[in-house]
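This report concerns only the one structure given below.
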Amino acid sequence: MTSAVLSGRNEVHHHRWGDARIPLMPKPSNPNPRRHRPSPNPSPSNPSAAAALDVPEPSQSGHVTIRPSELSRREAQALRTRLTGELGRVRALLSHIDSWEEQRRPADPQQRHHVSPPPALQAAMRKRCTQILTRLRKQKISVWFNSPVDVERLKLHDYHAIIRNPMDLGTVKENLAFGRYPSHEDFATDVRLTFNNALRYNPADHHVHRYAGNLLATFEGLYKEAVSWFEQECQHLARQ
Numbered sequence: 001m002t003s004a005v006l007s008g009r010n011e012v013h014h015h016r017w018g019d020a021r022i023p024l025m026p027k028p029s030n031p032n033p034r035r036h037r038p039s040p041n042p043s044p045s046n047p048s049a050a051a052a053l054d055v056p057e058p059s060q061s062g063h064v065t066i067r068p069s070e071l072s073r074r075e076a077q078a079l080r081t082r083l084t085g086e087l088g089r090v091r092a093l094l095s096h097i098d099s100w101e102e103q104r105r106p107a108d109p110q111q112r113h114h115v116s117p118p119p120a121l122q123a124a125m126r127k128r129c130t131q132i133l134t135r136l137r138k139q140k141i142s143v144w145f146n147s148p149v150d151v152e153r154l155k156l157h158d159y160h161a162i163i164r165n166p167m168d169l170g171t172v173k174e175n176l177a178f179g180r181y182p183s184h185e186d187f188a189t190d191v192r193l194t195f196n197n198a199l200r201y202n203p204a205d206h207h208v209h210r211y212a213g214n215l216l217a218t219f220e221g222l223y224k225e226a227v228s229w230f231e232q233e234c235q236h237l238a239r240q
């Protein structure tokens, strides 16, 4: 599974709540299912099920033609599962790329010497982050991510070997409420970590993997709007 290293909180381009340029629980009893690890070369007991996962060879142009009307019910279900899993991986990779590009982008010289935004604007941005988190947590599928993974009860013996930095939306909510995030970059990093952990641990064809990809995409859209608003407000203050 494709993965990328998340940005740490000590990156050179890390910005505080007051900076102008910003890149940046319902409690379930089963936040993440056990990851099933197939053998490297499995021998399917059901040959027809294995055949259902076959996809036609691409043409010379690199395109694959699939005719739904020619697929059996089992083949259609298998193809849907495969494509949905790949979509989740693509969304996660795009999130990593966006974060990496933002971290690598040089600071605008006009913004390096700006006057720090007033406390009221900083508080407004924190409020927007809280609203984003609330919207995520209210979604039905977020029940898998609203509290820490109960590793002991679920007997996920390999969880901490795979996930070195566990995170969940309930912990993010607590950190945000108690002012533990120096900037909204830190807030965004932990939200992304929550979903990227689920994408990393759960197989691509598992529903938790798909839910994580969907919620991550939702978060990125909401967060981008909030950051755009904050940057515009900071630029307005800088011109005064």
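Per full-length UniProt numbering: the sequence shown ends with 240, consecutive numbering throughout. We put the CB at the ideal spot given by N, CA and C, even for glycine.
Ser69 (DSSP reduced to helix, strand or coil):
helix
Hey, how far is the Cα of Thr171 from the Cα of Phe187?
11 Å
Residue of Val191, His207, Gly221, Arg180 minimising C-alpha distance to Asn165:
Val191
Three or more C-beta pairs closer than 8 Å, one from the stretch 174-186 and one from the stretch 144-155: is that the case here?
no
Rounded distance between the beta-carbons of Asn146 and Leu169, thought under 8 Å
5 Å
State buried or exposed for Pro68, treating a residue as buried only when at least 16 other CB atoms are found within 10 Å of its CB.
exposed
Which residue wins for smallest C-alpha separation from Ala161, given the options Leu87, Arg135, Arg200?
Arg200
Helix, strand or coil: how does DSSP classify Arg200 here?
helix
Do Met167 and Thr134 count as a contact pair if the criterion is CB distance below 7 Å?
no
For Ala238, which of helix, strand or coil comes out of DSSP?
helix
Would you check if the distance between the CB atom of Arg128 and the CB atom of Ala226 is smaller than 7 Å?
yes
Is the CB-CB distance between Glu233 and Leu121 below 7 Å?
yes
DSSP state of Arg80, grouped into three classes?
helix
Here's the rule: buried if 16 or more other CB atoms are within 10 angstroms of the residue's CB, otherwise exposed. What is Val64?
exposed
Limits of the alpha helix (DSSP H) - the one that Met167 falls within
No alpha helix (DSSP H) contains Met167, which DSSP labels as neither H nor E.
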